[in-house]
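If you're matching positions, the sequence shown starts at 125 in the working numbering and goes up one per residue. Encoded as structure tokens, the structure appears first; notes follow it.
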Amino acid sequence: GVLVCLILIIFGVDFALLLGFLTFVLNFIPSFGSIIATIIPTLIAFLQFGNSLTPIWVLLAIAVTDSVLGNFVDPKLMGQSLDLSPLLVLFTLIFWGWLWGIAGMILSVPLLAVLKIILENIPSTQPLAILMSK
């Protein structure tokens, strides 16, 4: 969120602070959140600057930043601590998104992590916790 806010300030996009905060919140939604968080500031830049190259540069800068963070930094930090199967994360995201909408998508990974921790600490359910791992 902070990096997107700085990118938007550098390019002179209106509402940079709000869009940076929105990006921060949307990035809690696995997979889809980062796509939405890239599209919204780009649309604002297109509305503000029209047919100039600025919206394209905004899109590229946000996409590169999101790609580096999403593919290298986040997995390194989260993978070490959560040890969750990516397929299970996707299914959980779809289920909680269907049940509770956006709030469910935001809460899906933390709920899954809590469930895994509980299952790891009950001897009879430890095999299920192992199945939830990578």
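We treat Cβ as the ideally placed atom computed from N, Cα and C, and that holds for glycine.
Taking a cut-off of 8 Å on C-beta distances, the segment 216-232 touches the segment 141-153, as three or more cross pairs fall below it. In the structure shown, Ile246 falls within a coil segment according to DSSP collapsed to helix, strand and coil. Taking Trp181 as the centre and dropping the five residues before and after it, the same chain places the C-beta of Phe135 closer than 7 Å to its C-beta, in chain order. Taking C-beta atoms as the reference points, Ile164 and Leu146 count as a pair closer than 8 Å. With a 10 Å radius around the Cβ and a threshold of 16 neighbouring Cβ atoms, Trp222 comes out exposed. The beta carbon of Leu206 lies closer than 7 Å to those of Ala237 in the same chain, with the five residues before and after it left out. In this structure, Thr166 sits away from Asp190, with a CB-CB distance that is not shorter than 8 Å. Here Met256 really is in contact with Leu208; their C-beta atoms are around 6 Å apart, less than 8 Å. In this structure, the straight-line span from the alpha carbon of Gly144 to that of Pro247 is close to 44 Å.
The Cβ neighbour count for Ser176, taken over all protein chains shown within 10 Å, is under 16; the residue is labelled exposed. Closest in C-alpha terms to Cys129, from the list Leu183, Leu171, Leu235, Phe173, comes Leu183. Closest by C-alpha distance to Val233, out of Asn245, Leu243, Gln250, Phe215, is Phe215.
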